[in-house]
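Below: one structure, written as structure tokens.
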Amino acid sequence: MGRIKTLLVKRIANKLVKEHGQEFTSEFNKNKELVEKYTNVSSTKMRNVIAGYTARLVKQRMISESQPRRRMHEEDLSKFYE
24 MGRIKTLLVK
34 RIANKLVKEH
44 GQEFTSEFNK
54 NKELVEKYTN
64 VSSTKMRNVI
74 AGYTARLVKQ
84 RMISESQPRR
94 RMHEEDLSKF
104 YE
């Protein structure tokens with residue numbers, strides 16, 4: 024299991040991916056440089072955590088775009104709630 028990210032890290036990473044989504048990739052080192060470029064985070068550890076979370080967000084976006092979402096039908100639930 025992974026570590027839990029703070030709300031600050033999630034908020035900054037989501038904002039960066041939303042504004043500069045085409046530049047971020049699933050590569051940590053490239054994201055680290057981009058986070059340093061677009062933010063004024065002075066802590067190296069915080070920059071690395073944000074870069075890692077942006078890589079994860081990009082990977083999740085790539086997976087969700089490539090696979091259609093599965094839907095549950097009413098027939099599937101009806102046998103449990105009769």
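The numbering of the sequence shown is the working numbering, which starts it at 24 and goes up by one.
The beta-carbon is built from N, C-alpha and C at its ideal position, and this holds for glycine as well.
Outcome for residue i when other beta-carbon atoms lying within 10 angstroms are tallied against a minimum of 16
i	result
ILE27	exposed
Extent of the continuous alpha helix (DSSP H) to which residue i belongs
i	result
GLN83	67 to 89
LYS60	51 to 61
Which listed residue (the options) has its alpha carbon closest to that of residue i
i	options	result
GLU56	GLN90, ARG70, LYS82	ARG70
ASN63	GLU50, VAL40, ILE35	ILE35
GLU59	GLU42, ALA74, LEU31, GLU50	ALA74
SER49	HIS43, ARG79, ARG93, SER87	ARG79
LYS33	GLN83, ARG84, THR77, ARG93	THR77
LYS81	GLN90, TYR104, ASN54	Sequence check: residue 81 is Val here, not Lys. The residue with the shortest Cα to Cα distance from VAL81 is ASN54.
ARG84	LEU30, LEU31, GLN45, GLY25	GLN45
Test item: CB-CB of residue i and residue j under 8 angstroms
i	j	result
PHE51	LEU39	no
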